[in-house]
Amino acid sequence: MSDGGTDIAVYALYAASPDELKAISTACMKTSAKPAYGGNTSQYMVPAPQPQHPTVDAVVEYHRALDKAGKWDPNYFAIAETPEWREKGILAVTLSKYDFEDTGDDREDDARARGYDTHRFKPSAIGIMFINLQIANMDWVEHKDWDDVQAGAPSSDDEEDDGEGDVDDE
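Position 169 of the sequence shown, counting from 1, maps to 168 under numbering that gives the first Met the number 0, and the rest follow consecutively.
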């Protein structure tokens with residue numbers, strides 16, 4: 000198996016059309032500026048060659064066997080589990096054992112035994128989260144603990160203006 004690249008593979012656990020897979024990829028990059036290591040700055044979250052699988056374990060098995068060929072990140076990928084991914088979130092997956100060693104998380108032993116960890120985030124946080132992981136700007140546990148990026152957390156687009164204005168401007 001060759002060394003991987005920086006593109007993040009996008010998968011689905013349901014029969015998603017090519018347009019739906021593109022919408023998932025685009026939504027995941029909403030708050031991202033550019034990928035790590037100076038890679039392709041336009042579309043770095045793209046559907047995998049075979050994007051649809053029945054279970055998370057099947058996706059993990061496929062991704063591990065995927066010939067990275069300098070394109071696909073070997074450690075990180077995203078899974079839309081349901082057509083309601085906009086509301087329910089996107090599952091981020093890490094295969095890097097360094098991300099789930101000594102996390103203090105009760106699921107640490109399970110993650111270590113299966114060789115991967117997952118966490119559900121709101122779609123707009125996925126791209127920037129993976130970039131931060133690729134460049135070691137933040138670690139996996141920090142993202143799992145960051146309230147603003149959790150599935151179901153309001154985005155800045157969803158929050159209502161309370162009419163108070165920014166207190167930093169005073």
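We treat Cβ as the ideally placed atom computed from N, Cα and C, and that holds for glycine.
Around the beta carbon of aspartate 56, fewer than 16 other beta carbons sit within 10 angstroms, so the residue counts as exposed. Residue state for glutamine 133 is assigned as helix, using DSSP reduced to three classes. Straight-line measurement puts the Cα of alanine 11 at about 11 Å from the Cα of serine 24. Contact check for glutamine 51 and alanine 14: beta-carbon distance about 6 Å, within the 8 Å limit, so the pair qualifies.
Per DSSP, the unbroken beta strand (DSSP E) holding proline 46 starts and ends at 44 to 51. A Cβ-Cβ contact shorter than 8 Å links isoleucine 89 with arginine 119. Around the CB of serine 123, 16 or more other CB atoms lie within 10 Å, so the residue is classed as buried. Shown here, aspartate 66 sits in coil according to DSSP, grouped into three states, outside any helix or strand. For tyrosine 97, the enclosing alpha helix (DSSP H) stretches over residues 96 to 99.
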